[in-house]
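*Asks:* Chains as they are written, first to last, in my numbering: chain A, 6 to 256; chain B, 6 to 256.
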DNA sequence: GGGCGAAGGTGATTTAGATCAAAGCGACAT
DNA sequence: ATGTCGCTTTGATCTAAATCACCTTCGCCC
């Protein structure tokens, strides 16, 4: 596999100092409230459970798309490569997210775990047979379209600073959307985010270089917006403050 | 509507000098081979036909999403605005393409025609009722996800030159994909593309400025890759040559 | 516990593309 | 025809981010 920064680490679990229930805050599916019908499919005879170590490739772009995957625990990313090695991470996925449901019979992206991950592997045929499963799949696809729209705005129109801020906000639950409820506790608008992605992975997701990501993070630290522990654990000092930096909200 | 370059013109019909059947070459749905079941829905009592002039807004981001649209003829775009006026066009749609099927009950993008356009307007309820309709919708959504993945690569990792080349190739039918058949006629690898989008719309789609788009096009002209007639009609002198400039294919 | 390799940070420099500023050019209306 | 308005092109300049180069820090294994 032709690629510069091989082997990176990540996950996108989330915790909050403020003591929220640690929900899944990805802008992609999440689809936590899976239907009963979908639960049926989970138990279908063809369905199996599989575990991967961190940075394992689940499939490559161009592989036959015979299966469909749901993340049980862990995290994964989908990415595409250009022939000269440039990489774009197109989706970051967490528990409950579906992937591998490409249009054609070939996968349009490569899929790789960020951390050690367990997935459910479905047969495409089983899904096609059940209309309930279909409708679950449709919901996931539509949510992914919306997520991609937001990401297109980020990639096409946002500054490096705004991209990193948007990225961090992505993992803060119940905050940063159109009608943000604001901090629960007026005096403690903090949060802790475990990125568990390398700088290279973040860069490839945000359409930046590793150096730029690093610089922006350093600058946010310097400005007191965030604090770091262990490179991939970020303490957000004022969530609202960070949100202002995303560019998506009027001042 | 807060936006700098108001009122632009466009469409994305396509013709080829080489005399291909003038197919729809959009990387988005196209879904020409609509199923019989979908044809049923087209005739449902709640379904109506509506025409718009060029640059009419079909709906705004945030509007209640009560309907779903299919383009009969013409072209449209979906876009998002940042509060300071930056715009990102997230999709360009042609005949057969579906839009307005957002996850939530609010549209996540604004929709605007590029040229005078006729659409079919469906009730969301009708769609939800029919599982055949659902499956058509799923297909469209999945194709859109793939298209967005490609676009993410373009926005995140391609140079201005590569973006414009990719954009032009998008309208050349049966060419530029992974297994491109090459020119039918060895000595005549030309094509004519009617963009029918303004430079501003192209720029907002490609994540560039209007000046950069203009400069790249001028440069391609100078280098003999393309020829122009009337600003929005592009004659591609060597399709394979243009394809080499997209960055997606190994040299 | 020290050495090695991978990941992260930071400074100096370059550059692609943005921004700023004028002209061209067409289409339409007077 | 002539003026006007919007769009496009082109040139000059600026700048955000890339590139290049190097150093620091961390984790791991002998």
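Just so you know, even glycine gets a beta-carbon here, dropped at the ideal spot from N, CA and C.
So, helix, strand or coil for residue 223 of chain A, using DSSP?
*Replies:* Three-state DSSP puts residue 223 of chain A in a helix.
*Asks:* What ranges does the beta strand (DSSP E) occupy inside the stretch 80 to 147 of chain B, keeping only unbroken runs of at least 3 residues that lie completely in it?
*Replies:* List check, beta strand (DSSP E) in window: 81 to 86, 92 to 98, 115 to 118 and 122 to 128.
*Asks:* Taking the C-alpha atoms as reference points, what is the distance between residue 237 of chain A and residue 198 of chain A?
*Replies:* If you take the alpha carbons of residue 237 of chain A and residue 198 of chain A, they lie about 8 Å apart.
*Asks:* In chain B, what lies closer than 7 Å to residue 150 of chain A by C-beta?
*Replies:* Chain B residues near residue 150 of chain A: 146, 149, 150 and 153.
*Asks:* May I have the straight-line CA-CA distance separating residue 126 of chain B from residue 94 of chain B, to the nearest angstrom?
*Replies:* Going from the Cα of residue 126 of chain B to the Cα of residue 94 of chain B covers about 22 Å.
*Asks:* In chain A, which residues lie with their C-beta within 7 Å of the C-beta of residue 113 of chain B?
*Replies:* Near residue 113 of chain B (Cβ distances below 7 Å), the residues of chain A are 151 and 154.
*Asks:* So, residue 146 of chain B versus residue 40 of chain B, is the Cβ gap smaller than 8 Å?
*Replies:* Not closer than 8 Å, so no.
*Asks:* Measuring alpha carbon to alpha carbon, tell me which residue in A:222, A:107 and A:172 is nearest residue 265 of chain A.
*Replies:* Because chain A spans 6 through 256 in this model, residue 265 of chain A falls outside it and cannot be assessed.
*Asks:* Taking its Cβ as the centre, do 16 or more other Cβ atoms sit within 10 Å of residue 92 of chain B, making it buried, or is it exposed?
*Replies:* Label assigned to residue 92 of chain B: buried.
*Asks:* Does residue 196 of chain B come out as helix, strand or coil in the three-state DSSP assignment?
*Replies:* Correct three-state label for residue 196 of chain B: strand.
*Asks:* Starting from residue 171 of chain A and walking both ways along the alpha helix (DSSP H), at which residues does that stretch end?
*Replies:* Its alpha helix (DSSP H) spans residues 165 to 174.
*Asks:* How would you call residue 58 of chain B, buried or exposed, if buried means at least 16 neighbouring beta carbons within 10 angstroms?
*Replies:* Residue 58 of chain B should be labelled exposed.
*Asks:* State yes or no: is the beta carbon of residue 88 of chain B nearer than 8 Å to at least one beta carbon in chain A?
*Replies:* Taking Cβ atoms only, chain A reaches closer than 8 Å to residue 88 of chain B, which makes this a yes.
*Asks:* Residues bridged to residue 160 of chain A by DSSP?
*Replies:* Answer by DSSP bridge pairing: none, since residue 160 of chain A is not bridged.
*Asks:* On a CA-only basis, which of A:194, A:114 and A:141 is nearest residue 68 of chain A? Give me that one, please.
*Replies:* Nearest option by C-alpha distance: A:114.
*Asks:* Classify residue 73 of chain A as helix, strand or coil using the three-state DSSP reduction.
*Replies:* DSSP places residue 73 of chain A in strand when its eight states are reduced to three.
*Asks:* For my contact list, residue 132 of chain B and residue 73 of chain B are in at a C-beta cut-off of 8 Å; report their separation, rounded to the angstrom.
*Replies:* Yes, residue 132 of chain B and residue 73 of chain B are in contact; Cβ-Cβ is about 6 Å, under 8 Å.
*Asks:* Between the alpha carbons of residue 80 of chain A and residue 121 of chain A, how many angstroms are there, rounded?
*Replies:* If I take the Cα positions, the gap works out to 8 Å.
*Asks:* Output the distance between the C-alpha atoms of residue 27 of chain B and residue 105 of chain B, rounded to the nearest integer angstrom.
*Replies:* Its pLDDT being 35, under 50, residue 27 of chain B is placed unreliably by the model, and the measurement read from it follows with that caveat. C-alpha separation (whole angstroms): 26 Å.
*Asks:* So residue 245 of chain A and residue 188 of chain A are in contact, right, with Cβ under 8 Å, and what is the actual spacing, rounded?
*Replies:* So it is a contact: roughly 7 Å between Cβ atoms.
*Asks:* To the nearest angstrom, how far is it from the Cα of residue 179 of chain A to the Cα of residue 233 of chain B?
*Replies:* In a straight line, the C-alpha of residue 179 of chain A is about 50 Å away from that of residue 233 of chain B.
*Asks:* By the DSSP assignment, the beta strand (DSSP E) with residue 5 of chain A in it spans what residues?
*Replies:* Past the edges of chain A, shown from 6 to 256, lies residue 5 of chain A, and the structure says nothing about it.
*Asks:* DSSP three-state call for residue 204 of chain B: helix, strand or coil?
*Replies:* Correct three-state label for residue 204 of chain B: helix.
*Asks:* Which value, in whole angstroms, describes the spacing of the CA atoms of residue 129 of chain A and residue 163 of chain A?
*Replies:* So the two alpha carbons sit approximately 37 Å from each other.
*Asks:* So what's residue 150 of chain A in DSSP terms, helix, strand or just coil?
*Replies:* Reduced to three states, the DSSP call for residue 150 of chain A is helix.
*Asks:* With the cut-off set at 8 Å, would you say residue 210 of chain B and residue 97 of chain B are in Cβ contact?
*Replies:* Yes, these two residues count as a Cβ contact at 8 Å.
*Asks:* Does chain B have any CB closer than 8 Å to the CB of residue 141 of chain A?
*Replies:* Residue 141 of chain A does not count as touching chain B.
*Asks:* Hey, is residue 212 of chain A's beta-carbon within less than 8 Å of any beta-carbon in chain B?
*Replies:* Answer yes: the Cβ-Cβ gap between residue 212 of chain A and chain B drops below 8 Å somewhere.
*Asks:* Of the residues B:256, B:185 and B:43, which one's Cα is nearest the Cα of residue 143 of chain B?
*Replies:* Per the Cα distances, B:43.
*Asks:* Please work out which residues of its chain come closer than 6 Å, Cβ to Cβ, to residue 31 of chain B, disregarding the five sequence neighbours upstream and downstream, and give them in chain order.
*Replies:* Summary for residue 31 of chain B: the model assigns pLDDT 45, below 50, so the residue's position carries little reliability; its value from the coordinates is reported in the next sentence. 99.
*Asks:* Using DSSP bridges, identify the partner residues of residue 249 of chain B.
*Replies:* None, per the DSSP bridge assignment.
*Asks:* On a CA-only basis, which of B:226, B:227 and B:54 is nearest residue 123 of chain B? Give me that one, please.
*Replies:* Taking only the C-alpha atoms, the option nearest residue 123 of chain B is B:54.
*Asks:* Let me check understanding here. Comparing Cα to Cα, which of B:141, B:158, B:212 and B:184 lies closest to residue 87 of chain A?
*Replies:* The option with the nearest alpha carbon to residue 87 of chain A is B:158.
*Asks:* Pick from A:160, A:66, A:242 and A:207: whose alpha carbon is nearest that of residue 191 of chain A?
*Replies:* It is A:242 whose Cα lies nearest to the Cα of residue 191 of chain A.
*Asks:* Identify the contact partners of residue 93 of chain A in chain B, using a Cβ-Cβ distance below 7 Å as the criterion.
*Replies:* Simply 157, 158, 161 and 162.
*Asks:* Which two residues bound the contiguous alpha helix (DSSP H) that contains residue 47 of chain B?
*Replies:* That run of the alpha helix (DSSP H) goes 41 to 47.
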